[in-house]
Amino acid sequence: MISPEMAKSLNKQLNAELYSSYLYLSMSAYASFKGLKGAASWFYVQVREELFHVQKMYDYIDSQGEQVILEEVAKPPSDFGTVSDLFKAVLAHEQKVTGLINTLMSQAVKENDHATQTYLQWFVTEQTEEEKSCQEIVDRLKLAGDTGPGIFMIDTELGARVFTPPAL
Ligand code: FEO
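The sequence shown maps to residues 3 to 170 in the working numbering.
If you want it as structure tokens, here you go:
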């Protein structure tokens, strides 16, 4: 059982995860339009990961006997600048999400809610991974510059990413 305040915060996070998937779908469309087919595919995998986060959030709220309340999803941007700008925006977004997860965890600690702390631990680890992989891409793009053969190589590498559904 979770508190009504915790249910409200988790519902808010579910909406944030839905927004993440929507944002990455917009980024995928942008990358594809710019001819970056590998990056477009990378973002499409990212969309599916975020939808998995939504599902995980949904199942937990529901399993705790609370109602999942769906809210409006904000419109994402559609212009992301250069390929470096694009991935810097991803990193900044993931850092923001890490902050949201940390705030949720602090609430669970404050409420002495051990079950939610255990549940959120998966997201804490996931965020570390997400930030690490985004930082690596940002660093590689910095080395390659925004045009030329380096981008072609990185785009090809990004296209190799596949979605592996984690265990729920
Ligand atoms: Fe659901 Fe990328 O954090």
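All residues carry an ideal CB built from backbone N, CA and C; glycine is no exception.
Going straight from the alpha carbon of residue i to that of residue j, what length do you get?
i, j, result
"N17", "D64", "15 angstroms"
"Y24", "P78", "7 angstroms"
"Q171", "I71", "The chain is shown only over 3 to 170; residue 171 falls outside these bounds and no answer can be derived."
"A117", "A146", "45 angstroms"
"Y26", "A76", "13 angstroms"
"K112", "E51", "29 angstroms"
"K144", "S135", "14 angstroms"
"A110", "D61", "18 angstroms"
"K14", "P151", "42 angstroms"
"E74", "D115", "28 angstroms"
"R171", "P6", "Nothing can be reported for residue 171: it is not among the residues displayed for the chain, which extend from 3 to 170."
"Q119", "K10", "16 angstroms"
"M107", "Y121", "10 angstroms"
Determine the contact status of residue i and residue j, defining contact as a CB-CB distance below 8 angstroms.
i, j, result
"V140", "K98", "no"
"E133", "L93", "yes"
"V56", "L20", "yes"
"V47", "F154", "no"
Going by C-alpha distance, which of the options is nearest residue i?
i, options, result
"S80", "M29, E73 and Q123", "M29"
"Q66", "H95, K36, A110 and I4", "I4"
"F45", "K58, A31, F54 and K36", "A31"
"G83", "F35, G150, F154 and L53", "F35"
"E68", "M8, T149 and G152", "M8"
"V85", "A33, M107 and W124", "A33"
"F125", "F54, E74 and G152", "F54"
"P168", "Q15, G152, K58 and P6", "K58"
Taking the beta carbon of residue i as the centre, do at least 16 other beta carbons fall within 10 Å, making it buried, or is it exposed?
i, result
"S22", "buried"
"E96", "buried"
"D148", "exposed"
"Q123", "exposed"
Taking three-plus beta-carbon pairs below 8 angstroms as touching, is the stretch 94-104 in contact with the stretch 127-143?
At 8 angstroms Cβ cutoff, the stretches touch.
Across the stretch 40-48 and the stretch 148-160, are there enough close Cβ pairs to call them in contact, namely three or more that are closer than 8 angstroms?
With a cut-off of 8 angstroms, the stretch 148-160 and the stretch 40-48 count as touching, because enough Cβ pairs lie within range.
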